[in-house]
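Q:
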Amino acid sequence: MERKLITGAVLVEDGEARGTRADLLMEGGLIAAIFRGGAPEGIDAARFNATECAILPGLVNGHLHAHSNLAKGMGDRWTLEMSLTNAPWISGVRSLDEIYASAAIGAAEMLLKGCTAAYDMCLEFPLPTIEGVDAVARAYDDVGMRATIAPMASDQPFLGAVPGLRDHLVGEGVEGLPQMSSEGPEGLLARFRALAQGWRWPSEKIRFGLGPAIPFICSDAFLTGVRDLSAEFGIGIHTHVSESKVQTVVSGESFGETITAKLHRLGLLGPRFTAAHGVWLDGDDMRRMADTGANVIHNPASNFRLGSGVADVRAFLDAGVHVGLGTDGASCADGLNMFEAMRLATHASRVFGAPVDSWIGAREALQAATTGSARALGFGDSIGVLREGSAADIVILDLRAPHYTPMNDLSAQIVYAEDGTGVRDVFVGGRCVVRERRLTTIDYDRLRRQTQAAADRLHGANAQTRARLQHAARLAEAYCRCFISRETPARRYICE
Ligand SMILES: [Zn+2]
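My numbering puts the first residue of the sequence shown at 2, with every later residue one more than the last.
#1: Bridge partners for D121 per DSSP, in chain order?
#2: Per DSSP, what are the beta-bridge partners of T21 in this structure?
#3: Are the Cβ atoms of V134 and L459 separated by less than 8 Å?
#4: Please state whether DSSP places R184 in a helix, a strand or coil.
#5: Relative to ligand 1, is the shortest distance from any of its heavy atoms to the C-beta of H241 smaller than 7 Å?
#6: Assign A47 to one of three DSSP states: helix, strand, or coil.
#7: Compute every distance between the C-beta of M122 and the non-hydrogen atoms of ligand 1, then say whether any falls below 7 Å.
#8: Relative to the C-alpha of F484, which residue among L31, D77, D142, V163 is closest?
#9: Since H278 and S243 should fall inside the 8 Å C-beta cutoff, what is the C-beta to C-beta distance between them, to a whole number of angstroms?
#10: Could you give the DSSP three-state label for G212: helix, strand or coil?
#11: Return the Cβ separation of S155 and C116 in integer angstroms, given the expectation that the two are a contact with Cβ distance under 8 Å.
#12: Go to A232, then tell me how far its alpha helix (DSSP H) extends in each direction, as first and last residue.
#13: Closest by CA to Y445, which one among C123, C481, G235, I106?
#14: Which residue's Cα is closest to the Cα of H401: R4, A40, C54?
#15: In whole angstroms, what separates the C-alpha of H358 from that of T275?
#16: Could you pull the start and end residues of the beta strand (DSSP E) that F353 belongs to?
#17: Counting only the same chain and skipping the five closest in sequence on each side, list residues whose C-beta sits under 6 Å from that of A366.
#18: Which of helix, strand or coil does DSSP assign to V137?
#19: Could you give the residue range of the beta strand (DSSP E) that holds H241?
#20: Return helix, strand or coil for A464, following the three-state DSSP convention.
#21: Since R438 contacts L113 with CB under 8 Å, what's their CB separation in whole angstroms?
#22: State buried or exposed for S96, treating a residue as buried only when at least 16 other CB atoms are found within 10 Å of its CB.
#23: Between D399, L25, E110, which has its C-alpha nearest S391's C-alpha?
#24: Quick check on D313: buried or exposed, where buried means 16 or more other Cβ atoms within 10 Å of its Cβ?
#25: Quick check: does the Cβ of A277 come within less than 7 Å of any heavy atom belonging to ligand 1?
#26: Once DSSP output is grouped into helix, strand and coil, what is the label at E28?
#27: What does a CB cutoff of less than 6 Å around A18 pick up in its chain, not counting 5 residues either side in sequence?
#28: My understanding is that R194 touches G310, with C-beta atoms under 8 Å, so please give their C-beta distance in whole angstroms.
#29: Take A67 as the anchor and find which of Q465, S245, M111, G430 has the nearest alpha-carbon.
#30: Can you check DSSP and say which residues form a bridge with D499?
#31: Quick check on the burial criterion: 16 or more other C-beta atoms within 10 angstroms. Buried or exposed for D15?
#32: Quick check: the Cα distance between A375 and L318, rounded to an integer number of angstroms?
#33: Measuring CA to CA, which of C333, A320, P403, G294 is closest to P301?
#34: Under the criterion of a Cβ to heavy atom distance below 7 Å, does D329 qualify as lining ligand 2?
#35: Tell me which same chain residues have a C-beta within less than 6 Å of the C-beta of K498, skipping the five on either side of it?
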């Protein structure tokens, strides 16, 4: 691969309010050198002019769902429980081309908004297949992003996991609904094993992970099997933990312990473990996460959109938890925008009336969205940082944009004002994948047409199921409200 020298830009660095003037040399997919003050004469490399621009490490989305990319704008007023009830029609009867298009349009959107790697819990209804997961991996590879792909599965249906819910629905005349799971733990574990053994993508680009969907709909046999596969193949586990109060209360009452205590007891927590959300983690749960080196991915846009509550990120950090940042799926964080995630992370920390020292600051949000998430994806410190020897995953921000004018504090203006419109160019592994705000890797207009056609076809194909599940979801939400009023150690609604 040719040597490229990015010239004339400033680096986003701590301690320099307006950034550090520097040129950056890329070679072999890595950052070969950073010349603060400017490169010496005579370097043999192709020049890439970035005058009046800033160089930011590629952002890393710690949690999303490829299948949700066809569901943007749906479920205007859905809780998490309504979203789970509706999941079978949102993801149902997809062809491999439609699975591919759904993943590719998300990857395209993230790259155009400065995100170069993502942890994707994709879902294939009713069960993950080798071909379906491969279609997701191919989409990321074609568009030019890094990813860790953890297909979701569970061996127990959501509607059966909430005490009394199924009987309530039957009483309302609703039964025989399609469910997300139809296979026992052995079958699901065999699928995961086959995927891990047959993984054909280079681990420095597209990694495989294990996605037990939500622990409260996973049996102990399935969870411990996932734990063993993670150890055997050295791959990550990604799951949703204590996202909503309903799940947190139901789990506590069903298990006699918190979800996190159970995961700890079963031996799943550790550096390869990533918990999405953690909104309702209590102090003991946070210590368990911290002591074991587990990762928690904060998803403020989704938490607000679904009314899930506000995670206490300052408490995570004080406890020593590794914190990353994510968007969650486009059905509940529609624009897959990591700049928005950073901004909301700072804002969310300020709703409880706590002293300003406990608020999440711009630099902390930036760190969570880069090195924090990178650790969770399993890429360690090879991405998310501007350092010689790290991957050349780089975002060029156009500082002529109004939100950088005047320039007062570059990091703060990126977090508080950038919306993605300042992203001019993006490199992944030294390859220019976005040039002047356009993808260089794929025919975007063709992908756009494919994605719209997929959504239109699925809209018709799932029409009947949709009507039944939307009705069931409203009943389920009304039923689940009884759990919202229960007392919990954690208080994550501002009215509590
Ligand atoms: Zn999620």
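C-beta atoms are modelled at their ideal positions from N, C-alpha and C, and glycine is treated no differently.
A: On the basis of the data shown:
#1: According to DSSP, D121 bridges with L65, I150.
#2: The beta-bridge partner set that DSSP reports for T21 consists of L12.
#3: No, they are not a contact pair.
#4: Per the sequence shown, the amino acid found at residue 184 is Glu instead of Arg. It is coil, neither helix nor strand.
#5: It does: the Cβ of H241 is within 7 Å (strictly closer) of some heavy atom of ligand 1.
#6: Correct three-state label for A47: strand.
#7: Yes, since a heavy atom of ligand 1 falls inside the 7 Å radius drawn around the Cβ of M122.
#8: Closest by alpha carbon: V163.
#9: Correct: roughly 7 Å between the Cβ atoms.
#10: Here G212 sits in strand by DSSP.
#11: The Cβ separation is near 27 Å, so there is no contact.
#12: Start and end: 221-234.
#13: When only C-alpha atoms are compared, the closest one is I106.
#14: Per the sequence shown, residue 401 should be read as Arg rather than His. Of the listed residues, the one whose Cα sits closest to R401 is C54.
#15: Reading the sequence as shown, one finds Asp at residue 358 and not His. Their backbone Cα atoms lie some 27 Å apart in a straight line.
#16: First-last for F353: undefined, no H or E at that position.
#17: Cβ within range, chain order: M343, A346, T347, V416.
#18: Under the three-state reduction of DSSP, V137 is assigned to helix.
#19: That run of the beta strand (DSSP E) goes 237-242.
#20: Of the three classes helix, strand and coil, the one that applies to A464 here is helix, per DSSP.
#21: Contact between R438 and L113 holds, since their C-beta atoms are separated by about 7 Å, short of 8 Å.
#22: Classification of S96: exposed, given that the 10 Å Cβ count is below 16.
#23: Closest by alpha carbon: L25.
#24: With 16 or more other Cβ atoms within 10 Å, it is buried.
#25: Yes, the Cβ of A277 comes within 7 Å of a heavy atom of ligand 1.
#26: Strand.
#27: Taken in chain order, the residues that qualify are D410.
#28: So it is not a contact: roughly 36 Å between Cβ atoms.
#29: The residue among Q465, S245, M111, G430 with its C-alpha nearest the C-alpha of A67 is M111.
#30: The structure shown does not extend to residue 499, since the chain is modelled only from 2 through 497, so no value can be given for it.
#31: Per the 10 Å Cβ criterion, exposed.
#32: Taking the straight line from one Cα to the other gives about 17 Å.
#33: Among C333, A320, P403, G294, the Cα nearest to that of P301 is on C333.
#34: This structure does not include ligand 2; its bound ligands are ligand 1.
#35: Past the boundaries of the shown model lies residue 498; the chain is included only from 2 to 497, so the question cannot be answered.
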